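In the UniProt record's numbering, the protein residues as written are 1 to 180. For glycine and all other residues, C-beta sits at the position ideal for the given N, C-alpha and C. Remember, predicted model here, so these are calculated numbers, not experimental data. As structure tokens, the structure follows; a few thoughts come after it.
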Amino acid sequence: MQYRSTYASYPESLAALFQHEKDDIDLFCRQTGVTCRCKLGFIIIKTAAESWVLHQSALDDTILLYHKNTQDIPARPKAAVYEQYARYHIQDFYVESICYALGYVYLHELCTSRKEIPFEQLPPVMQDFLTYTKRRMERPDRHMRRHKRRALLKQQKKAEKARDAQRIEELIASLFPDSV
1 MQYRSTYASY PESLAALFQH EKDDIDLFCR QTGVTCRCKL GFIIIKTAAE SWVLHQSALD
61 DTILLYHKNT QDIPARPKAA VYEQYARYHI QDFYVESICY ALGYVYLHEL CTSRKEIPFE
121 QLPPVMQDFL TYTKRRMERP DRHMRRHKRR ALLKQQKKAE KARDAQRIEE LIASLFPDSV
């Protein structure tokens, strides 16, 4: 199951994205009981207790995840920029793929219903999702890796200069034993 999008070129529409991931979506839905369908440019996701909508913004083609309100939810900063829908609030969530969003939705339902299910008893697709998410969180992003690499090189150069200075002092001490 691919939770991260691997496209030669990003699909033009949410419907094309849905068709591209259709097999993985069907597998996920069979194993978890989540329903997912594409209708009029929206992807509607339903669990036993919640409703969700994936929508591609007309502003910048960002794929947004909306959650149906069960209570009054204050607006989020991201919501001021993007489209609003009655009875739904926007999730502060970056959609990598539809399957990733499905994993997020299923996990959200487990958390809100306070179900404590051992990892081994989760559906296989959720075990994969949690393993993928854990690995992704452990790996620093590209910018951070570059920063750490530069810091390491800087430390190595500093240590090299200190060794060179020590060697020079030893050389001077060996050449002029009386001056030290």
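Worksheet item: So V125 packs on T32, CB below 8 Å; how close in whole Å?
Response: Their Cβ separation, rounded to whole angstroms, is 7 Å, which keeps V125 and T32 in contact under 8 Å.
Practice prompt. Please list, in chain order, all residues of the same chain as V34 whose beta carbon is under 8 Å from its beta carbon, the five residues on each side excluded.
Written response: F28, I45, K46, T47, L102, V105 and Y106
Discussion item. Does the contact criterion of 3 or more C-beta pairs under 8 Å hold for the region 114-129 versus the region 81-91?
Written reply: At 8 Å Cβ cutoff, the stretches do not touch.
Discussion item. Going by DSSP in three states, Q166 sits in which element: helix, strand or coil?
Written reply: helix
Discussion item. Assuming the contact rule is C-beta atoms closer than 8 Å, L14 and L54 should be a hit. Round their C-beta distance to whole Å, please.
Written reply: 6 Å
Item to complete: Please say whether L64 and S57 have beta carbons closer to each other than 7 Å?
Response: yes
Item to complete: Go ahead and pull the three-state DSSP assignment for R114.
Response: coil
Item to complete: Note down, in chain order, each residue of its chain lying with its Cβ closer than 6 Å to the Cβ of C36, except the 5 sequence neighbours on either side.
Response: I25, C29 and I45
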